[in-house]
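Notes for the one structure printed next.
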Ligand code: FES
């Protein structure tokens, strides 16, 4: 017997792992589950491991102190050899993990894998998703830059809307009265101890159940899940047409996980680390805070809600969403698994995906935010002023100087909060323009108090010139008729009774 | 799994079994035996210690939850005459409640608008919607928020956008020619004006803020 075998036996006598490990490795799974569709869960677990390793490595340098965190990140980026790469790995690993967890969930939903007897696996999975998002949010806070600071501020404002205990919750969240060192310390604790500990524990429970209950069989239209027969059916399937988990199914898991980690490594090398942005000094207010990618959709939703709906929505919607997810296996625990016969499920998944994509996409260019520098940074195209009278020119100056462009684009530049004004004169008459400028309405502030009458006059004359060549500005038909009637003596036109 | 063919006795599959099979009446939970009673006593003791420890632990965890008056105090923004009448100035102050490791996070900005010789309005920097830092534009006399496009007039009242109300204001007083504000907390709906309905434009920016 070789020396290797002797060493192996020495350990095996003491560890006694061969039995349980062998059971896991060789347990039969239905043949069809050895599919590329079944690789996302293991990839998520691999990414979790990557995050733990890179996280520990970053903690060697990172200083969780309000005064020093931002500096230590810059030192990681610029002075510690390959510190930037470790930050990039952790950051990209996080984005990949969130993405893979969502894809995993969508796949499980699509394949009906949450049905009896895997309800609890799904429930634990929902909490794993929440923990993953919690890691993404607390991780953004640990970056402790301007975005982190004002992002926390948004969290505080949301908390503060909870009836009765809002104030106490804010103090708990912040660890004090304002966002400061104590806040960072508690988010560090959450990000490094509390959430990862929970995440790891839940992940192990999740994997345990996957092994014990077996991998979900490939859904076949017409093969219904029934509580009374399912387990026997599954066992028959796994044993009569099954293959051992290793290597038949596991090689795909391995290859996909390796590819995902490689993708993280390449993204990290090519795109580098994210931030830190500006320093966390709240007296520097020249900032346009934005959440990280996984939360962009929330950012978009919050800007489109009507003010009166906002508090109820913020407080109730998350609870409903989580409750909805948790309810899925208990509402539809039996029956059809195949997507060919679950139109409602497909429709629901598709709507969620489309809504998410639309909101995330909107949040990448934030049409609802004024462009704070457009008034001084974006010039007016010369062609708009080529034949301008002095009054019109004066109006153009006012248009720039009074921040109109922060919300209104002209010539493709400027904010998108309000409508583009390139052809506003074709849509509104002079009187309508004047009224809108003076009294505002909708998302437009009333400028009546902020502009003098001559300024308003000049501004309106300028706006009146904003129409495409060859298309005349809008006119007030009634007024035109009155003017025509006054200009020409009665009877000369004929037909007037 | 593997039934070892090797003649060596210490191979996999050899389990040293704890003496689990030797059960007796004393191990039957239905029988009140000494060992079951002691087990229950052990559980009770641990429960008791746990509860006793939970009290200080929760007290510690809830440590930051304090009344507003604990955190707030009067902070000077400098001589009142530094602020010209009719203008709005950005100033910053050091938050009165600090820890030495807070760094710059305690430098809080606010806007001071002087409306008369002794009339001021001191606005929190935080948008009343979700707290982003609003910016003052003297040319158009408007505050604009970079996050979701909230706009406020010069007197702090809501002009447009998602905010439900006007800007938060600090209570102020003038002591020996110095402008002082009652500051100390991030102003939010829970510690200032509670939830208010949108009032008529121009009238809803006045609720006092103790933030
Ligand atoms: S935070 Fe200012 S508009 Fe939302």
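Chains as they are written, first to last, in our numbering: chain D, 384 to 880; chain U, 9 to 219.
Backbone N, C-alpha and C fix where the C-beta goes; we use that ideal spot for every residue, glycine too.
Just to confirm my understanding: we take residue i, look at its own chain, exclude 5 residues before and 5 after, and list those with CB closer than 6 Å. What are they?
i	result
residue 84 (chain U)	186, 188
residue 660 (chain D)	528, 529, 530
residue 628 (chain D)	410, 412
residue 683 (chain D)	742, 745, 746
residue 501 (chain D)	596
residue 17 (chain U)	In this prediction, residue 17 (chain U) has a pLDDT of 45, which is less than 50 and means its spatial position is unreliable; nothing more can be read from the coordinates.
residue 386 (chain D)	none
residue 602 (chain D)	494, 495, 720, 721
residue 702 (chain D)	none
Per DSSP, which residues does residue i bridge with? Please list them.
i	result
residue 152 (chain U)	U:143, U:159
residue 134 (chain U)	U:141
residue 827 (chain D)	D:824
residue 796 (chain D)	D:793
residue 771 (chain D)	Paired residue(s): none; residue 771 (chain D) is not in a bridge.
residue 625 (chain D)	D:413
residue 7 (chain U)	Only positions 9 to 219 of chain U appear in this structure, which leaves residue 7 (chain U) out of reach.
residue 119 (chain U)	U:98, U:131
residue 82 (chain U)	U:190
residue 166 (chain U)	U:160
residue 608 (chain D)	D:718
residue 87 (chain U)	U:186
Can you pull the chain D residues whose beta carbon is under 8 Å from the beta carbon of residue i, in chain order?
i	result
residue 79 (chain U)	559, 560
residue 199 (chain U)	543, 550, 553
Run down chain U in chain order and give the residues with a C-beta less than 9 Å from the C-beta of residue i.
i	result
residue 717 (chain D)	Near residue 717 (chain D) there are no residues of chain U at all, since even the closest Cβ is about 35 Å away, more than 9 Å.
residue 526 (chain D)	The contacting residues do not exist; residue 526 (chain D) stays about 14 Å from chain U at best.
residue 784 (chain D)	147, 148
Leaving out five residues on either side along the sequence, give the residues of the same chain with a beta carbon under 7 Å from the beta carbon of residue i.
i	result
residue 427 (chain D)	480, 483, 484, 487
residue 497 (chain D)	491, 505, 711, 712
residue 656 (chain D)	460, 467, 470, 471, 474
residue 535 (chain D)	524, 562, 566
residue 813 (chain D)	843, 847
residue 164 (chain U)	129, 131, 174, 175, 177, 213
residue 723 (chain D)	604
residue 729 (chain D)	722
residue 14 (chain U)	Reliability of the predicted coordinates at residue 14 (chain U) is poor, the pLDDT of 44 falling under 50, and no value is obtained from them.
residue 589 (chain D)	504, 507, 508, 511
Could you name the residues of chain D that residue i contacts, counting a contact when the two beta carbons are closer than 7 Å?
i	result
residue 100 (chain U)	666
residue 196 (chain U)	539, 540, 543, 553
residue 159 (chain U)	828
residue 74 (chain U)	554
residue 192 (chain U)	560
For a contact meaning CB atoms closer than 7 Å, what does residue i contact in chain U?
i	result
residue 685 (chain D)	138, 156
residue 744 (chain D)	Under the 7 Å cutoff, chain U gives no residues; its nearest Cβ is about 17 Å from residue 744 (chain D).
residue 800 (chain D)	157
residue 789 (chain D)	152
Tell me which residues share the same chain as residue i and place their Cβ nearer than 8 Å to its Cβ, disregarding the 5 neighbours each side in the sequence.
i	result
residue 417 (chain D)	626, 631, 632, 635
residue 394 (chain D)	none
residue 861 (chain D)	none
residue 643 (chain D)	426, 429, 430, 479, 483
residue 69 (chain U)	none
Counting only beta-carbon separations shorter than 7 Å, does residue i have a partner in chain B?
i	result
residue 625 (chain D)	Looking at the structure shown, chain B is missing, and the protein chains on hand are D and U.
Please compile the residues from chain U whose C-beta is within a distance smaller than 8 Å of the C-beta of residue i.
i	result
residue 595 (chain D)	Correct list: empty, because the minimum Cβ distance to chain U is about 18 Å.
residue 448 (chain D)	109, 111
residue 536 (chain D)	134, 138, 139, 140, 194
Residues from the segment 748-781 of chain D in contact with chain U, defined by Cβ distance under 8 Å: 751, 752, 753, 755, 758
What residues from the segment 648-679 of chain D come within 7 Å of chain U, judged by C-beta to C-beta, listed N to C? 662, 663, 664, 665, 666, 668, 670, 671, 672
With 8 Å as the C-beta to C-beta threshold (strictly closer), list the residues of the segment 166-187 of chain U near chain D in chain order. 167, 168, 169, 170, 171, 172
Closer than 7 Å between beta carbons: that is the criterion. Which residues of the segment 128-157 of chain U meet it against chain D? 133, 134, 138, 139, 140, 141, 143, 145, 147, 148, 149, 150, 152, 154, 155, 156, 157
Please identify, using Cβ separations under 7 Å, the residues of the segment 101-126 of chain U that lie next to chain D, in order along the chain. 103, 105, 107, 109, 110, 111, 112, 113, 114, 115, 116, 117
Residues, ordered as in the chain, of the segment 563-582 of chain D that lie near chain U by beta-carbon distance below 7 Å: 563, 564, 565
Closer than 9 Å, Cβ to Cβ, to anything on chain U: give me those residues from the segment 834-848 of chain D, in chain order. 834
Within 9 Å of chain D by C-beta, residues of the segment 39-72 of chain U in sequence order: 69, 70, 71, 72
Name the residues in the segment 810-822 of chain D whose C-beta lies less than 8 Å from a C-beta of chain U; which are they? none
Below 7 Å between beta carbons is the criterion; list the residues of the segment 460-492 of chain D that meet it against any residue of chain U, in chain order. none
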